[in-house]
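Data first, discussion second: the structure below is written as structure tokens.
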Amino acid sequence: MGSIYLIRHGQASFGADDYDVLSPVGVRQAEVLGEHLEQLDIRLDRCVSGSLRRQQHTANAALQRMSQAPVLDIDEAFNEFDADAVIRTLLPDLLPEEPEALHILRNGAQNRAEFQRLFAKLIQRWISGEHDKPGLQSWQAYVEQVEGGLRRILEQANSKQNIAVFTSGGTITALLRLITGVPSAKAFELNWQIVNTSLSQLKFRGSEVSLASFNSHVHLQLLKAPELITYR
């Protein structure tokens, strides 16, 4: 069987003007990941990334620490969903019951716990399908986008390849939904636990895919440096 390693990007710049940039911690996480894969003697036959900078930077920083690495391919199907658009579009309907939500979401770095609570609430509305709005990609459409990316990988792969996909938490969540059949709400409960640069492994034969492991971050745990274990 072949393996697909789903790798979440390193820590991005939460609270900064541009989130889509790895923090210094994020760069180090990616480097440690590459060193770990090299030590395990995992030879990658193909590497794919979404087009977001944090995804590509994670891939390049990791691959530079490996003695043999293929050229990075880009497939936008593995981009994260547009969280800003979800917040912007669904927030107005939430304000009557959460009047402080706008202030909290604008100052997320100073209100991390409340930001997460409100963001999770908006995500639940989004994935329910009951609050779809014109111009906002639905959760179902996003899942279909990710499914298309996975299908393209499988069509081009042979059964013994090791393939790395550098992506984001939402993409991994969508794949969990597709592969395991877990309800979307439960999948997002797992989403909040996905560590930056963690590995989730899929095994495949032809078009058949199964989940072999989820959210492994032993490469960070072995360093005994808790500051490297991050979730955003």
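The sequence shown lines up with residues 0 to 231 when you count with numbering that gives the first Met the number 0.
C-beta: ideal position from N, C-alpha, C; glycine also.
Beta-carbon to beta-carbon, SER209 and ILE178 are separated by about 7 Å, close enough to satisfy the 8 Å threshold.
For the pair of segments examined, the stretch 74-92 was found to touch the stretch 121-128: the number of CB pairs separated by less than 8 Å reaches three. Inter-residue distance for ARG176 and PHE114 is about 25 Å (C-alpha atoms, whole angstroms). Taking the Cβ atoms as the reference, THR172 lies roughly 18 Å from THR57, outside the contact range of under 8 Å.
Non-local beta-carbon contacts of ALA186 in its own chain, meaning distances under 7 Å to residues more than five positions away in sequence, involve THR172, LEU175, ARG176 in chain order.
Within the same chain, Cβ atoms closer than 8 Å to the Cβ of GLN220 are found at ILE228, the five residues on either side in sequence being excluded.
Boundaries of the alpha helix (DSSP H) around GLU143: 138-155. The beta-bridge partner set that DSSP reports for TYR4 consists of ALA163, GLN200. Restricted to the stretch 35-60, the beta strand (DSSP E) segments that are unbroken, complete and at least 3 residues in length are 45-48, listed in chain order. In this structure, the CA atom of ALA112 is about 33 Å from the CA atom of GLU34. Per DSSP, reduced to three states, the secondary structure at SER215 is strand. Within the model, the alpha-carbon separation for ARG27 versus GLN160 is close to 27 Å. Cβ neighbours of ASP131 within its own chain (closer than 8 Å, five residues either side excluded): SER137.
Beta-bridge partners assigned by DSSP to VAL208: PHE203. Below 8 Å, enough C-beta pairs join the stretch 35-45 and the stretch 58-77 to call them touching: three or more.
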